[in-house]
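Undergrad: I'd like to ask you about the structure that follows.
Number of protein chains: 2
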Amino acid sequence: MAKSWATFGVDLHLDPTATSTGVRRGLTDALRDAVRTGRLAPGTRLPSSRSLAADLGIARNTVADAYADLVAEGWLTARQGSGTRVGMGAPPTPLRQWGSAVVPPTHPTPPRRLSSRPTYDLVPGTPDLAAFPRTEWLKAARRALTNAPYQALGYGDPRGRVELRTALAAYLSRARGVRADPEHILISAGISGGLRLLGAVLRARGAHTIAVESYGLAVHWQILDEAGLRTRPLPFDELGANPGQLTDEPGVLLTPAHQFPMGVPLHHDRRSAVVDWARRTGGLVLEDDYDGEFRYDRQPIGALQGLDPNHVVYLGTASKSLAPGLRLAWMVLPPSLMEEVAKAKGGTDTCGVLDQLTLAEFITSGAYDRHVRAARLRYRRRRDTLVEALAQRAPDVHVTGIAAGFHAVLSLPPGTEQSVVQAAAWQGLALHALSFYRHEHALVDPLDALVVGYGTPPDHAWAGAVEALCRVLP
Amino acid sequence: MAKSWATFGVDLHLDPTATSTGVRRGLTDALRDAVRTGRLAPGTRLPSSRSLAADLGIARNTVADAYADLVAEGWLTARQGSGTRVGMGAPPTPLRQWGSAVVPPTHPTPPRRLSSRPTYDLVPGTPDLAAFPRTEWLKAARRALTNAPYQALGYGDPRGRVELRTALAAYLSRARGVRADPEHILISAGISGGLRLLGAVLRARGAHTIAVESYGLAVHWQILDEAGLRTRPLPFDELGANPGQLTDEPGVLLTPAHQFPMGVPLHHDRRSAVVDWARRTGGLVLEDDYDGEFRYDRQPIGALQGLDPNHVVYLGTASKSLAPGLRLAWMVLPPSLMEEVAKAKGGTDTCGVLDQLTLAEFITSGAYDRHVRAARLRYRRRRDTLVEALAQRAPDVHVTGIAAGFHAVLSLPPGTEQSVVQAAAWQGLALHALSFYRHEHALVDPLDALVVGYGTPPDHAWAGAVEALCRVLP
Numbered sequence: 004m005a006k007s008w009a010t011f012g013v014d015l016h017l018d019p020t021a022t023s024t025g026v027r028r029g030l031t032d033a034l035r036d037a038v039r040t041g042r043l044a045p046g047t048r049l050p051s052s053r054s055l056a057a058d059l060g061i062a063r064n065t066v067a068d069a070y071a072d073l074v075a076e077g078w079l080t081a082r083q084g085s086g087t088r089v090g091m092g093a094p095p096t097p098l099r100q101w102g103s104a105v106v107p108p109t110h111p112t113p114p115r116r117l118s119s120r121p122t123y124d125l126v127p128g129t130p131d132l133a134a135f136p137r138t139e140w141l142k143a144a145r146r147a148l149t150n151a152p153y154q155a156l157g158y159g160d161p162r163g164r165v166e167l168r169t170a171l172a173a174y175l176s177r178a179r180g181v182r183a184d185p186e187h188i189l190i191s192a193g194i195s196g197g198l199r200l201l202g203a204v205l206r207a208r209g210a211h212t213i214a215v216e217s218y219g220l221a222v223h224w225q226i227l228d229e230a231g232l233r234t235r236p237l238p239f240d241e242l243g244a245n246p247g248q249l250t251d252e253p254g255v256l257l258t259p260a261h262q263f264p265m266g267v268p269l270h271h272d273r274r275s276a277v278v279d280w281a282r283r284t285g286g287l288v289l290e291d292d293y294d295g296e297f298r299y300d301r302q303p304i305g306a307l308q309g310l311d312p313n314h315v316v317y318l319g320t321a322s323k324s325l326a327p328g329l330r331l332a333w334m335v336l337p338p339s340l341m342e343e344v345a346k347a348k349g350g351t352d353t354c355g356v357l358d359q360l361t362l363a364e365f366i367t368s369g370a371y372d373r374h375v376r377a378a379r380l381r382y383r384r385r386r387d388t389l390v391e392a393l394a395q396r397a398p399d400v401h402v403t404g405i406a407a408g409f410h411a412v413l414s415l416p417p418g419t420e421q422s423v424v425q426a427a428a429w430q431g432l433a434l435h436a437l438s439f440y441r442h443e444h445a446l447v448d449p450l451d452a453l454v455v456g457y458g459t460p461p462d463h464a465w466a467g468a469v470e471a472l473c474r475v476l477p
Numbered sequence: 004m005a006k007s008w009a010t011f012g013v014d015l016h017l018d019p020t021a022t023s024t025g026v027r028r029g030l031t032d033a034l035r036d037a038v039r040t041g042r043l044a045p046g047t048r049l050p051s052s053r054s055l056a057a058d059l060g061i062a063r064n065t066v067a068d069a070y071a072d073l074v075a076e077g078w079l080t081a082r083q084g085s086g087t088r089v090g091m092g093a094p095p096t097p098l099r100q101w102g103s104a105v106v107p108p109t110h111p112t113p114p115r116r117l118s119s120r121p122t123y124d125l126v127p128g129t130p131d132l133a134a135f136p137r138t139e140w141l142k143a144a145r146r147a148l149t150n151a152p153y154q155a156l157g158y159g160d161p162r163g164r165v166e167l168r169t170a171l172a173a174y175l176s177r178a179r180g181v182r183a184d185p186e187h188i189l190i191s192a193g194i195s196g197g198l199r200l201l202g203a204v205l206r207a208r209g210a211h212t213i214a215v216e217s218y219g220l221a222v223h224w225q226i227l228d229e230a231g232l233r234t235r236p237l238p239f240d241e242l243g244a245n246p247g248q249l250t251d252e253p254g255v256l257l258t259p260a261h262q263f264p265m266g267v268p269l270h271h272d273r274r275s276a277v278v279d280w281a282r283r284t285g286g287l288v289l290e291d292d293y294d295g296e297f298r299y300d301r302q303p304i305g306a307l308q309g310l311d312p313n314h315v316v317y318l319g320t321a322s323k324s325l326a327p328g329l330r331l332a333w334m335v336l337p338p339s340l341m342e343e344v345a346k347a348k349g350g351t352d353t354c355g356v357l358d359q360l361t362l363a364e365f366i367t368s369g370a371y372d373r374h375v376r377a378a379r380l381r382y383r384r385r386r387d388t389l390v391e392a393l394a395q396r397a398p399d400v401h402v403t404g405i406a407a408g409f410h411a412v413l414s415l416p417p418g419t420e421q422s423v424v425q426a427a428a429w430q431g432l433a434l435h436a437l438s439f440y441r442h443e444h445a446l447v448d449p450l451d452a453l454v455v456g457y458g459t460p461p462d463h464a465w466a467g468a469v470e471a472l473c474r475v476l477p
């Protein structure tokens, strides 16, 4: 029988057969809905995690995690002395001051300003958006739109604009060692959009499962799951995912250059082993190269795709190098997959052509390289200040995964992960625990750790974010 | 047993149980693939439609239709005296002169310029792209990007940017009588993208069929079909679709303001009947208002959604008013559907935020209204010259559906439809027959007619397109 909680008029149904991850997600969703729809009014004080956990008969940590997630998302606020409350700006539809736009007088329910945004944000996955190269981007947009033939504005090729595919083929070959031909590149709405298409194609080919890493993005696993593919994690150790257990899976999703979130590169022997497996069995390797532009201390690690373009799908994105809001990502596909993937995308392009043309111009004019170089320098400096601050202020915390990208893994003393995340939430610091990225069937011992996204804050908030982080570390 | 044709190295497998529409699509797809992949080399002469039809044991018209489609798409060329040939630019990846972009020297197979584009294009569905307001759009983009908070560039609300939803709520209320609240608007990648989401939601609710109009867009039917919903056409007459036969369908897709492609508005009594049906049965009305901005002689016809926002989903788009390449459309959803549709869209926005912010600015600054007014005047003038030219040059052709939008239906003498389309293809004029838009189970007598998109050509090609059209009419 599902357990139910009806305080505050919120009916909370939890499936007792769900895993702890499932219970946490169910609780988070139900509370978010209650705030969004107004069933939980702004300012309402929530029960303590201890008492709600007791009421529901679930682990206290699960409730604490759900609260922390919702604080990080801005639905709840947590302040010492006043407990956890529904944000005053709820329902949170963050309408900002918007240029010359006027909120129309006929607008029936003017959204209010969200007041519960955390003060500091170290959740990984988002680059420094304040450093988006607005001026250069607008220049590229002007050149692109001025020079585009008018036909470019019509219904387009499902693969995306040829100008962008051509620019990417050259760039990826040069920067990432990808063997790319514009004919076999397809532009998608984020890597998520690409995975949705690949999931549909694998499912249509009869697949039911797909191998993944023990740590990764739940949103990717969910996309594959919704496509009808059960995700099965590979064992994981300090050399990355272990492909030794791959047998007859139709595919495997990996982050070979910089494992997300653990930060290790896939060991050379395992790179070869994965490609051997793919050749032997006809399995497909999905290579998520989300932050391949950003490397610091180590030698460049080229794309796995370069080893075998016929068995590896390369997935890259502008979400980390520029901004997720562009919703522009790309896949370099084995020629044999192109038709099926383009068909799954539908008869026409689904990404706006103006941004595609602008990005093509941005790349070919050299602005992309300049921007990436500047961003690399910024993130490297931040990494150095982070490592230095931690060495001084939190000597018990071990930092790893820092040779590339813009996130780091901070190992914590056993048993402290949740209390640190909770303490951070109280301080208005959004943080993610490593357990957030652990597959429910992960083949690796749990580790108390934080995943710190040091690219996320704007420059002016960086020092404050580091200070807030140091305060909550043991 | 499937029939097969192996001339030119092309294996053509046709399912003998398929409908004529299915055979035509299968043939078109197979030939397009053969050209695209190079199995049919540029310049190759295809067999006559008569001899290929005899080889395959299918109707000659089906082959002629497939050839005409491929000529219109630019894969084949048809010239009197030299038969139907594969375009010389094939595989057609239209790379145009591209600003300051340089085709990189490492580019493995530089795409060649497509030489087989038809000289004139009167295929409906695309506005005059040469009239896209580039300067005004760039100004709006500059204001939008300059004023946007940096957080706007991150992973966003699955409904789309609040600035655009707010601007649309006011605009749709004013211009189309839609009862819209920004909270219940969702931005999608074209109306196709919206239908994909709605199809998934209806299917998840257990639906297996959906009612549609006897004439419409095959691509929409296909999207619904792929979502698992069989499309069942309603009877059709001069008052539009007849909703009298609606019973317990979970939904109906209509173009009430301007039936596509027939051009009639849905009769007042039927508008009421559809809404009554929806209220009585809980069925959902999907209102495709693709060209609601463009009306000429008749009184404005407001959106059906205004009659009952709880049972009608309003679908609008920038594809006709601005350009399909923007891939920006919107749905105004009954509040009860919002969560499910947002969930089907996935955890984040899938449309680029920069174009969303720009369109919001474009609307609120008044530029959208100015552009629509200018476009309306342009299309109205074209319509008048078209009607005048036809009255003089083709008195046997009857023109209908001209009170709105930018396409017209030209009724032809019985039995002449295919020969006119074929003759047009020979002249380098891309045209669609009405039969292209007829559902395979349509409940209306077939009619020989053309659907002429008079918005499509740029101004400089308009007179030539009309002349070419008049030459091929009986």
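So the sequences go chain by chain: A and B.
Residue numbering for the first sequence follows the working numbering, beginning at 4 and increasing consecutively.
Residue numbering for the second sequence follows the working numbering, beginning at 4 and increasing consecutively.
For each residue, glycine too, the CB sits at the ideal point set by N, CA and C.
None of the values given here were measured: they were computed from a predicted structure.
#1: Can you say whether H261 (chain B) is buried or exposed, counting buried as having 16 or more other CB atoms within 10 angstroms of its CB?
#2: Taking the C-alpha atoms as reference points, what is the distance between E342 (chain A) and R88 (chain A)?
#3: According to DSSP, is V424 (chain B) helix, strand or coil?
#4: Which of the three DSSP states, helix, strand or coil, is assigned to P312 (chain B)?
#5: Assuming H270 (chain B) and G243 (chain B) form a contact by the criterion Cβ under 8 Å, report the distance between their Cβ atoms to the nearest whole angstrom.
#6: Start and end of the alpha helix (DSSP H) containing S275 (chain A)?
#7: Does the region 164 to 177 of chain A come close enough to the region 373 to 389 of chain A to have 3 or more Cβ pairs within less than 8 Å?
#8: State buried or exposed for L117 (chain B), treating a residue as buried only when at least 16 other CB atoms are found within 10 Å of its CB.
#9: How many angstroms separate the CA atom of G219 (chain A) from the CA atom of L43 (chain A)?
#10: Since E391 (chain B) is in the beta strand (DSSP E), which residue starts that stretch and which ends it?
#11: So does the region 443 to 462 of chain A actually touch the region 410 to 427 of chain A, counting three or more Cβ pairs closer than 8 Å?
#12: Go to E139 (chain A), then tell me how far its beta strand (DSSP E) extends in each direction, as first and last residue.
#13: Going along the chain, which residues of its own chain have a beta-carbon closer than 7 Å to the beta-carbon of R179 (chain A), five neighbours each way excluded?
#14: Measure from the alpha carbon of G202 (chain B) to the alpha carbon of each residue in B:A192, B:G193, B:S217, B:A230, then state which is nearest.
#15: Using 8 Å for Cβ pairs, my map puts L357 (chain A) next to A144 (chain A). What's the rounded Cβ distance?
#16: With contact counted as at least three CB pairs below 8 Å, one residue from each stretch, are the region 361 to 374 of chain A and the region 208 to 215 of chain A in contact?
#17: Anything in chain A within Cβ reach of G157 (chain B), meaning under 8 Å, just list it in chain order.
#18: Closest to P416 (chain A) by C-alpha separation, out of A:L287, A:L432, A:P398, would be which residue?
#19: Just checking my contact of R237 (chain A) with A210 (chain A) at CB under 8 Å: how many whole Å lie between their CB atoms?
#20: Going by beta carbon distance, what residues of the same chain come within less than 6 Å of V66 (chain B), once the five residues before and after it are set aside?
#21: Under the three-state reduction of DSSP, which class applies to A436 (chain A): helix, strand or coil?
#22: Determine whether the Cβ of M144 (chain A) lies closer than 8 Å to any Cβ atom of chain B.
#23: Out of curiosity, what's the CA-to-CA distance linking H410 (chain A) and R182 (chain B)?
#24: Which ranges would you report for the alpha helix (DSSP H) in the region 139 to 226 of chain B if only whole runs of at least 4 residues count?
#25: Let me see if you follow: with CB-CB separation under 8 Å, is G29 (chain A) close to chain B or not?
#26: Closest to S438 (chain B) by C-alpha separation, out of B:P449, B:G29, B:H444, would be which residue?
#27: Could you list which residues in chain B have their beta carbon closer than 7 Å to that of F135 (chain A), in chain order?
#28: Mind checking whether L318 (chain A) and G197 (chain A) have CB atoms under 8 Å apart?
#29: Considering just the uninterrupted stretch of the beta strand (DSSP E) at L289 (chain A), what are its terminal residues?
#30: Output the distance between the C-alpha atoms of L79 (chain A) and G128 (chain A), rounded to the nearest integer angstrom.
#31: Per DSSP, what are the beta-bridge partners of A406 (chain B) in this structure?
#32: In the region 452 to 466 of chain A, which residues sit with their C-beta less than 7 Å from some C-beta in chain B, listed in chain order?
#33: With a threshold of 16 other CB atoms inside 10 Å of the CB of P264 (chain B), please say whether the residue is buried or exposed.
#34: Compute the Euclidean distance between the alpha carbons of T353 (chain B) and I194 (chain B), then round it to the nearest angstrom.
#35: Should Q425 (chain B) be labelled buried (16 or more other beta-carbon atoms within 10 Å of its own) or exposed?
#36: Please tell me whether D352 (chain A) has its Cβ less than 8 Å away from any Cβ of chain B.
TA: Put simply:
#1: Label assigned to H261 (chain B): buried.
#2: 51 Å
#3: V424 (chain B) falls in the helix class under three-state DSSP.
#4: coil
#5: Contact between H270 (chain B) and G243 (chain B) holds, with the beta-carbon distance rounding to 6 Å and staying under 8 Å.
#6: 271 to 284
#7: no
#8: For L117 (chain B), the predicted structure reports a pLDDT of 36, less than 50, and the residue's modelled location is therefore unreliable. The matter cannot be settled from this model.
#9: Taking the CA atoms as reference points, G219 (chain A) sits about 32 Å from L43 (chain A).
#10: Taken as a continuous stretch (DSSP letters only), E391 (chain B) belongs to no beta strand (DSSP E), being part of the alpha helix (DSSP H) at 370 to 396.
#11: yes
#12: Element bounds for E139 (chain A): not the beta strand (DSSP E) but the alpha helix (DSSP H), 137 to 150.
#13: Excluding sequence neighbours, R179 (chain A) sits near D292, G295, G305, A306.
#14: B:A230
#15: 7 Å
#16: no
#17: T129, L132, A326, P327, G328
#18: Residue A:P398 is the option with its Cα nearest to P416 (chain A).
#19: Note that residue 237 (chain A) is Leu in the sequence shown here, rather than Arg. The pair is not a contact, with the Cβ atoms about 16 Å apart (cut-off 8 Å).
#20: Take V66 (chain B), set aside five residues on each side of it, and the residues of its chain with a beta-carbon closer than 6 Å to its own are S52, L55, A56, in chain order.
#21: strand
#22: A small fix is needed here, since residue 144 (chain A) is Ala in this sequence, not Met. Yes, its Cβ sits closer than 8 Å to a Cβ of chain B.
#23: 45 Å
#24: Qualifying alpha helix (DSSP H) stretches, in chain order: 165 to 179, 193 to 207.
#25: no
#26: B:P449
#27: Y153, L156
#28: With contacts defined by Cβ atoms closer than 8 Å, L318 (chain A) and G197 (chain A) form a contacting pair.
#29: 287 to 291
#30: 21 Å
#31: DSSP lists no partner for A406 (chain B).
#32: P461
#33: The residue in question, P264 (chain B), is buried, as its Cβ has 16 or more Cβ neighbours within 10 Å.
#34: 14 Å
#35: Q425 (chain B) counts as buried, since at least 16 other C-beta atoms from the protein chains shown sit within 10 angstroms of its C-beta.
#36: yes
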